[in-house]
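Worksheet: one structure, shown below.
Protein chains in written order, with our numbering: chain A, 22 to 106; chain B, 675 to 1331.
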């Protein structure tokens, strides 16, 4: 059998900061654990603390859908490309 | 920039509008393509130490930053994750600007004074940013492949954490609900921290509903022209002459000799050959001739390159209906004149009927004092606001056509790879250029009124903007040649000298914006994404988008068939509540409204407001009683409060859906 790699895209993951389970020492640990639960290989591009609570990462659409269903996840939005005016 | 300081009244006979000592404490953060730190616009002569509390860094060589350019960062992880590693032979993986756009916008907002600035002799003068003594920090979030929202969010986050006071963003992308739009989300956090965010409205005009960056906590800036022109003339073999514009500076065509002239559409085998797209012109037909190309699809300067590559010796670039008579000048690689649609049609008729057509292009020098000016640029994106029609956008217009400002040393003025010319300044157009004018002017107001909120600063800029020329005629829209409307120019054209002393302001707090989101029926998670805190819309409170204390009025009415509002006798009544804050001396203000039409009655209650002390707030209600009109009807008028010294103006747009 052959394996076709499913293309990944970047997502912005918005987290509900106040819903961090107490078992996680920091929000970063919680974000990382949530991400690892849908993809072993995914890493965070940026962790955002001021402008949003959350992070950006590369996922397949299915992984993004799985992540969105986890507790404390507000939304998983595909990245948008902006243009200079 | 040259000319805009005089045009905006910042400079009169060489005397600048005074910048307060606190100006040097104001920091403008520019998210763009980076910066060319060697530009003279970033010299720090006369500036004191970097403001206390600045937390930014310089990711260029430490010697590249100084007391003017106090910070420079880059954000590429989102870009590289999507498009692969940055090719260092094509762009710098650093805050260095390989494009020119970021150097142009940042120098427009806060550049230092540079004498004898020009683009190859065009637009010569003393160049300066709007806030010459403000500090500039750049955040490179845009690359050859675009600007990715993960990088934009990271850049905005760092700008906020670093301690900027104004954020300038000349970029946009589509229209999403506020809780899905990274720029809107980032701007909300900035606004909560007292940072004004100024964004370009977009270049998708003159079609309606084309605005981007329409969140009410963002200042949305459209573009107008200056009173400056760069004339060029097209002389035809039949003796007729037409005026156009050009920034060409190389070897001219022979003045005493006409050259064979051909329409690109007749020098191609491609169906879109009239547009002078790459590889579409036939060299055996074009060589040695002047070629007429139609505007559209590919870049204007690229059309010139295509003509030159095919052996053409000159180009006449003709506007289509989308651009009308708007003439945007470019530093083309070959002798070129850009002409309006009307002239273009006559020239095309000549080309198609004359057996041996010929022409010549003659170049003039920079001219100022062109009237009328400003006129709304055809490309400037237009309202109504497609996300929230009850919030009038754009907020205002500022100079955005043929603007000279700093440029990157890595690229020629056309931005084409074949352009080996270099210039410290370039002349370009777009709402990208008008946005940093407002960013810099906001910094100027912030320095004079450091306690003012972003909404108060925007209010000052909007309520003092003008909508008529000194002659009393209404501002024009160049795409139609007719008076422009509030959907084109918002509150009008910025008038900084008046904005410093507006008399009254419409202030808006973060909680006001949250109530606005409640009125839009945003869910708790959607509000959380913007506010980063739990906010409950009170169950027993009636929220209305018309109660957002905005300095303008967009009144959405429904036609009789679909009903809506409180109807009686075939008319609809819509009420808007506003609160004015006195930021001047004690005074009595009286309201006046110009009639929009006989079918619309506008009443202001009370129509007189007495302010006995500074920061006093007074609330009033505007009632719009309107008969039903056909769907798509728009009417425009204006509400003004005046104490005899100040005029606090608000545009009113009435739309029937």
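Think of the CB as a built atom: it goes at the ideal place given N, C-alpha and C, for glycine as much as any other residue.
Whole-angstrom distance between residue j and residue i, CA atom to CA atom
i, j, result
"residue 49 of chain A", "residue 766 of chain B", "30 angstroms"
"residue 1188 of chain B", "residue 808 of chain B", "31 angstroms"
"residue 1239 of chain B", "residue 903 of chain B", "Reliability fails at residue 1239 of chain B, whose pLDDT of 49 lies under 50, so the model's placement of it is uncertain and no value is given."
"residue 1004 of chain B", "residue 974 of chain B", "8 angstroms"
"residue 996 of chain B", "residue 44 of chain A", "60 angstroms"
"residue 1159 of chain B", "residue 880 of chain B", "12 angstroms"
"residue 68 of chain A", "residue 1274 of chain B", "52 angstroms"
"residue 1137 of chain B", "residue 1022 of chain B", "45 angstroms"
"residue 1014 of chain B", "residue 991 of chain B", "9 angstroms"
"residue 1162 of chain B", "residue 1150 of chain B", "10 angstroms"
"residue 22 of chain A", "residue 29 of chain A", "Note that residue 22 of chain A scores a pLDDT of 45, beneath 50, so its modelled location is shaky; the value from the coordinates is reported in the next line. Those two C-alpha atoms are separated by around 21 angstroms."
"residue 836 of chain B", "residue 86 of chain A", "34 angstroms"
"residue 884 of chain B", "residue 1230 of chain B", "18 angstroms"
"residue 1249 of chain B", "residue 1026 of chain B", "58 angstroms"
"residue 698 of chain B", "residue 1121 of chain B", "8 angstroms"
"residue 734 of chain B", "residue 815 of chain B", "15 angstroms"
"residue 1070 of chain B", "residue 1324 of chain B", "11 angstroms"
"residue 1236 of chain B", "residue 1272 of chain B", "At residue 1236 of chain B the pLDDT is 49, less than 50, meaning the model places this residue with poor confidence; the figure from the coordinates comes in the next sentence. Each residue's Cα considered, the two are about 22 angstroms apart."
"residue 1055 of chain B", "residue 58 of chain A", "44 angstroms"
"residue 1204 of chain B", "residue 1197 of chain B", "11 angstroms"
Listed by chain order, chain B residues near residue i by CB distance under 9 angstroms
i, result
"residue 52 of chain A", "Within chain B, no residue comes near residue 52 of chain A; the closest Cβ sits about 14 angstroms away, beyond 9 angstroms."
"residue 96 of chain A", "853, 854, 1199, 1200, 1203"
Nonlocal neighbours in the same chain, by C-beta distance under 8 angstroms from residue i, ignoring five residues either side
i, result
"residue 888 of chain B", "849, 894, 1059, 1060, 1061, 1062, 1065, 1067"
"residue 724 of chain B", "741, 744, 809"
"residue 738 of chain B", "711, 712, 732, 746"
Contact set between residue i and chain A, taken where Cβ atoms lie within less than 8 angstroms
i, result
"residue 821 of chain B", "102, 103, 104, 105"
"residue 859 of chain B", "72, 73"
"residue 1088 of chain B", "Going along chain A, no residue has its Cβ under 8 angstroms from residue 1088 of chain B, so there is no contact; the nearest lies around 15 angstroms."
"residue 736 of chain B", "Within 8 angstroms Cβ-Cβ: nothing; residue 736 of chain B doesn't reach chain A, min ~25 angstroms."
"residue 848 of chain B", "101"
"residue 752 of chain B", "31, 66, 67, 77, 100"
Close Cβ partners of residue i (< 6 angstroms) along its chain, the five nearest in sequence each way excluded
i, result
"residue 1079 of chain B", "675, 778, 781, 782"
"residue 1002 of chain B", "1103"
"residue 1142 of chain B", "1148"
"residue 1242 of chain B", "Caution is warranted here: a pLDDT of 46 is assigned to residue 1242 of chain B, below 50, making its placement in the model unreliable, and the coordinate value is therefore given only provisionally. For residue 1242 of chain B, where only same-chain residues beyond five positions count, there are no Cβ hits under 6 angstroms."
"residue 770 of chain B", "708"
"residue 843 of chain B", "705, 873"
"residue 1084 of chain B", "772"
Short CB-CB distance (under 8 angstroms) between residue i and chain B
i, result
"residue 37 of chain A", "yes"
"residue 110 of chain A", "With chain A covering 22 to 106 only, the question about residue 110 of chain A has no answer from this structure."
"residue 77 of chain A", "yes"
Test: residue i CB closer than 8 angstroms to a CB of chain A
i, result
"residue 865 of chain B", "no"
"residue 1111 of chain B", "no"
"residue 774 of chain B", "no"
"residue 1104 of chain B", "yes"
"residue 715 of chain B", "no"
"residue 650 of chain B", "Coverage of chain B is limited to positions 675 through 1331, which leaves residue 650 of chain B absent and any answer about it impossible."
"residue 1082 of chain B", "no"
"residue 844 of chain B", "yes"
"residue 827 of chain B", "yes"
"residue 1241 of chain B", "Low confidence applies to residue 1241 of chain B: its pLDDT is 47, below 50, so where it sits in the model is not reliable, and the reading given next is rough at best. No - not a single Cβ of chain A is within 8 angstroms of the one on residue 1241 of chain B."
"residue 670 of chain B", "The structure shown does not extend to residue 670 of chain B, since chain B is modelled only from 675 to 1331, so the question has no answer here."
"residue 780 of chain B", "no"
"residue 1060 of chain B", "no"
"residue 824 of chain B", "yes"
Within chain A, partners of residue i - CB distance below 9 angstroms
i, result
"residue 831 of chain B", "67, 69, 70, 71, 72, 73"
"residue 816 of chain B", "103, 104, 105"
"residue 649 of chain B", "Outside the displayed range of chain B (675 to 1331) lies residue 649 of chain B, so it cannot be described from this structure."
"residue 678 of chain B", "Result: empty, since nearest Cβ-Cβ is about 18 angstroms, beyond 9 angstroms."
Within chain B, the residues that residue i reaches when beta carbons sit closer than 8 angstroms
i, result
"residue 55 of chain A", "By Cβ distance, chain B contributes nothing, its closest Cβ being about 16 angstroms from residue 55 of chain A, past 8 angstroms."
Chain-ordered chain A contacts of residue i [CB-CB under 7 angstroms]
i, result
"residue 877 of chain B", "106"
"residue 834 of chain B", "71, 72"
"residue 756 of chain B", "31"
_Length-filtered (3 minimum) beta strand (DSSP E) runs lying within the stretch 1234-1288 of chain B_ = 1240-1242, 1245-1256, 1261-1267, 1274-1279, 1282-1285
*What residue ranges within the stretch 957-1015 of chain B form continuous alpha helix (DSSP H) runs of no fewer than 4 residues, ordered along the chain?*
957-960, 974-983
*Which ranges would you report for the beta strand (DSSP E) in the stretch 709-748 of chain B if only whole runs of at least 3 residues count?*
743-748
*Pick out the complete alpha helix (DSSP H) segments inside the stretch 764-823 of chain B, 4 residues or longer, and give them in chain order.*
775-784
_Ordered list of beta strand (DSSP E) runs contained in the stretch 1042-1102 of chain B, each at least 3 residues_ = 1070-1073, 1077-1080, 1099-1102
*Runs of alpha helix (DSSP H) lying entirely within the stretch 857-902 of chain B, each at least 4 residues, in chain order*: none
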